[in-house]
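Engineer: Got a structure here, written out as structure tokens. Questions coming.
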Amino acid sequence: MQLEEQHRLIDRVLQLETDKTTDMAEHCSAIDVALYRDEKQFHSEEENLFRQLPMIVGHVSQLPAPGDFITHDICGVPVVVLRRQTGELKAFMNVCKHRGGRLVRDEKGSDLRVLVCHYHAWTYDTDGSLRGVPHKDGFRGMPDGCNNLTELPVSDHLGFLWVRLAPFRRYETATQFNRSVEEFLGEQFNADFSSYGTSSHTVFDPVDFHRPINWKLAIDTFLENYHVRKTHRNTIDAMFLDTVGIYERFGCQQRNLYPKKSIVSLRDKPRSEWQLCEHGNMLYTFFPNTLILIEPDHINVSIVFPDGIEHTKLINFTLLPEEPTEKGIKYFRKNNDILYAALEEDFSMAIDIQKGLRSGANQQFLHGRFEQGLKYFHESVEGFCE
Ligand code: FES
Ligand SMILES: [Fe+2]
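Per the numbering used here, residue -8 is the first one in the sequence shown, and the count goes up by one each step.
Shown next as structure tokens:
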């Protein structure tokens, strides 16, 4: 992040700390709890958010060489992302055009030169074109070219692997898709992430979690720090200022700053020594489902996918500026142990909430004036899903 921007945020936090207050919305607000349980709402989110918006599914460092691939099931859609021998990135629905068999079964791998269906062995080139059909005579009359794999738009903007589950629109090109990702993120996010250098980072310690909660409950846990004192008293609370934060939105994108207690020490230091990431975590929400936490020497990425109304899959990985040494591996594992312990504390609350929702005790959930991150997020969901 630009130094000027860092200093602006630090000045704001120091002022908030002096005034013993925090960034607040004018009013508290509320949302209908049906948003977490309603079937119609869920289908609208699948259709309008997860099927239509570009989403991160990984990082380019997972596909460094021709033939490398990763697969994911995203909202019920099997997806394979691969690097062709030409170096080009491609994404396809990982579904055979004969009768829907699965092509690539492994979660990741290398040296993929053809995609072979596990059912009757139809074979596809890495550009998605149908290359081989055993006993082809049985399909006499099948027109050429209409049984190629369903290609999905893919981009490596800022080093992330972005995919859209809706196939290319009429006349849409890969370059246009790439530009649409950039535009969707907006100027501020593009500038911030260019400065973080995520294009040249490397993925460390990828791990998936599955939890019995609505996907929005997983997001909610990240978007306020009011809960830290109680929920995270045994893990990360000691580091952070209590319920002090800065919440900014850029269209549907959101940037939250959670300052550490150490930030007050900057009052006694020359501004030339002020580095925001040493004294606060920046949390970026790439709408609708990716949360990126900037820490001094690494970046944590969590991507939230619904897997049913009350089930969620989280894809997590750490980005490091370079391949870690053996000592580095131990250090970053330890860091992740703390992060994932805190995440488990969040999950445990969210699982209770999901159960509580069934009781019918709540008609609404209340968002305090300093929980405006939640308000921003739910307003954006509503904007796409009404
Ligand atoms: S379903 Fe793939 S070859 Fe038959
Ligand atoms: Fe938390």
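All C-beta atoms, glycine included, are put in the ideal place defined by N, C-alpha and C.
Output needed for E269: all residues of its chain with C-beta closer than 6 Å, excluding positions within five of it in sequence on either side, in chain order.
Structural biologist: Taken in chain order, the residues that qualify are P287.
Engineer: Starting from H50, follow the beta strand (DSSP E) in both directions and report where the run begins and ends.
Structural biologist: That run of the beta strand (DSSP E) goes 46 to 50.
Engineer: Does the distance between the C-beta of H270 and the nearest non-hydrogen atom of ligand 2 fall short of 7 Å?
Structural biologist: For ligand 2, not one heavy atom lies less than 7 Å from the Cβ of H270.
Engineer: On the premise that F195 lies in contact with L140, defined as a C-beta separation below 8 Å, what is that separation, rounded to the nearest angstrom?
Structural biologist: That belief does not hold up - the Cβ atoms of L140 and F195 are roughly 31 Å apart, past 8 Å.
Engineer: With DSSP run on the structure shown, which of helix, strand or coil describes M(-8)?
Structural biologist: In the structure shown, M(-8) sits in coil (DSSP, three-state: anything other than H, G, I, E or B).
Engineer: Hey, I237 and R3 are a contact pair by Cβ (cut 8 Å); roughly how many whole angstroms apart?
Structural biologist: With 8 Å as the limit, I237 and R3 qualify as a contact, their Cβ atoms being about 6 Å apart.
Engineer: Please name the residue or residues paired with Y238 in a DSSP beta bridge.
Structural biologist: In the DSSP output, where bridge partners are listed per residue, Y238 has N247.
Engineer: For K99, I'd like the list of residues in its chain whose CB is within less than 6 Å of its CB, leaving aside the five on either flank, ordered along the chain.
Structural biologist: I61.
Engineer: Does the Cβ of E301 have 16 or more other Cβ atoms within 10 Å, making it buried, or fewer, making it exposed?
Structural biologist: The residue is buried, with at least 16 neighbouring Cβ atoms inside 10 Å.
Engineer: Using a threshold of 7 Å, is the CB atom of Y110 nearer than that to any non-hydrogen atom of ligand 1?
Structural biologist: Checking every heavy atom of ligand 1 against the Cβ of Y110, one is found closer than 7 Å.
Engineer: Pick out whichever of T276, V48, D116 has its Cα sitting closest to the Cα of E239.
Structural biologist: Out of T276, V48, D116, T276 has the C-alpha closest to the C-alpha of E239.
Engineer: Report buried or exposed for A383, applying the criterion of at least 16 other Cβ atoms within 10 angstroms of its Cβ.
Structural biologist: Outside the shown range of the chain (-8 to 377) lies residue 383, about which nothing can therefore be said.
Engineer: Please list, in chain order, all residues of the same chain as N225 whose beta carbon is under 6 Å from its beta carbon, the five residues on each side excluded.
Structural biologist: Contacts found: none.
Engineer: What three-state label does DSSP hand E438 in the structure shown?
Structural biologist: Nothing can be reported for residue 438, as the shown portion of the chain is limited to -8 through 377.
Engineer: May I ask whether a heavy atom of ligand 1 can be found less than 7 Å away from the beta carbon of G417?
Structural biologist: Because the chain spans -8 through 377 in this model, residue 417 falls outside it and cannot be assessed.
Engineer: Tell me whether H89 counts as near ligand 1, meaning its Cβ is closer than 7 Å to at least one heavy atom of that ligand.
Structural biologist: Yes - ligand 1 has a heavy atom lying nearer than 7 Å to the Cβ of H89.
Engineer: What separation, rounded to the nearest whole angstrom, lies between the Cα atoms of M230 and T222?
Structural biologist: Using only the alpha carbons, I get a separation of about 14 Å.
Engineer: Report all residues for which the CB-ligand distance to some heavy atom of ligand 2 is below 6 Å; order them along the chain.
Structural biologist: In chain order, the qualifying residues are T212, H218, T222, H223, A333, D337.
Engineer: Compare the Cα-Cα distances from I290 to each of L310, H50, F278, C243 and report the closest residue.
Structural biologist: Among L310, H50, F278, C243, the Cα nearest to that of I290 belongs to L310.
Engineer: Are the segment 311 to 323 and the segment 176 to 183 touching by the rule of at least three beta carbon pairs closer than 8 Å?
Structural biologist: Counting Cβ pairs under 8 Å, fewer than three are found: no touch.
Engineer: With burial defined as no fewer than 16 other Cβ atoms inside 10 Å of the residue's Cβ, what is the status of I47: buried or exposed?
Structural biologist: The residue in question, I47, is buried, as its Cβ has 16 or more Cβ neighbours within 10 Å.
Engineer: Hey, F213 and L149: beta-carbon distance below 8 Å or not?
Structural biologist: No, these two residues do not count as a Cβ contact at 8 Å.
Engineer: Taking 7 Å as the line, does the beta carbon of G58 fall inside it for any heavy atom of ligand 1?
Structural biologist: Checking the Cβ of G58 against ligand 1 gives no.
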